[in-house]
Each structure stands twice: as structure tokens, then as C-alpha cells.
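Peer 1: Numbering (my numbering), first residue to last: 25 to 199. All C-beta atoms in this analysis are idealised placements derived from N, C-alpha and C, irrespective of residue type, glycine included. Here it is, the structure in full.
Set out below in C-alpha cells:
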């Protein structure tokens, strides 16, 4: 039974997974000459929106920012497929209107971000972003614009090779 006073995080995760799959496919179809090796879902601090970003080896090589661009989805080249997130947006919109949800904002926000991370992890487990060496070359991120990174998301979404690359990049900034 559907409880209209509760936000359905499981439904959101399902909607986000479907939308992300379609968005990733849309990026590859729209840019067939590019090797898409970075995909992210980006939300905002109020958990109102969810959108896709993607990048390619070619776009990274052409960038003057180098590896800094790799870890910053806001600078990525492609945002195809955003319309696929309309159903997820409409679900989020309910919680931002004056509807009587029995959940506080912090719990809601955490649930939305967790749904996005879990959706990406699900697609990764299905092999959507490659396997083996191909997956080791691909970055998968969830980011909240103008906010701190969601703790543990990077490690949940990426293989050890990607984490090592990120840690090396972070260490280069410590010098």
C-alpha cells in the first residue's frame, strides 16, 4: 500500500537507475566518436534536482585543466539525457511542495542522495560502465553542486584503480 505521507526512496532509486541508464546511452549515441569514460549524477543541496553529466577521454585531453577536470563534473563536456529524469524530478517536487510528508528534511535529503548513489552502483554492477580494464579507466561520481562530497560515495562507485588515481590527484594538491 502506498503511504502518501512517506517519501518512497525505493521508487526514486528505480526511477533514477532507469533515467541514468537511458542518459548514459544517450551520451554514447550523441557522441559516437568519443570514448565516454566519466559519468556522474549531480544534485543540489536542497535535493530538488538530479541531472547527468558525462565526459570523454578526448574532452579531457583537450581541456587546459587536465586531471582537475576529471574530478569536476560541472566542467564536463556532455549533459545529454536530462529529460529522462523528469519522473524522478516530479517525485522530488512532491516533497518540496506543501504536502504532508512525515520525514524531516535531513532524512529526505540523505535518502535522495543515497538513492542516486545506489542507482549508479546498481548500473555499475550490471556492467553499464564496462568491466575489467575498461571499468578501471572510467570514473563514476555522485556530486552535490556547491557542497561537500557525500562521504563514501567515491569508494562505493569506483574500483581501486580509480580510487588510487583520485588519491594521487588529491595528494598532488597537498604539495
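1) How many angstroms separate the CA atom of residue 112 from the CA atom of residue 179?
2) When you compare each of 108, 79 and 190 to residue 98 by their alpha carbons, which one comes out closest?
3) Measuring CB to CB, does residue 77 end up less than 8 Å from residue 64?
4) Contact check, residue 143 vs residue 44 under 8 Å by CB: the rounded distance?
5) Just the C-alpha distance for residue 184 and residue 31, rounded to the nearest angstrom, thanks.
6) Helix, strand or coil for residue 172, going by three-state DSSP, please let me know.
7) If we count the other Cβ atoms within 10 Å of its Cβ and call it buried at 16 or more, is residue 191 buried or exposed?
Peer 2: Let me lay it out:
1) 25 Å
2) 79
3) yes
4) With 8 Å as the limit, residue 143 and residue 44 qualify as a contact, their Cβ atoms being about 6 Å apart.
5) 34 Å
6) coil
7) exposed
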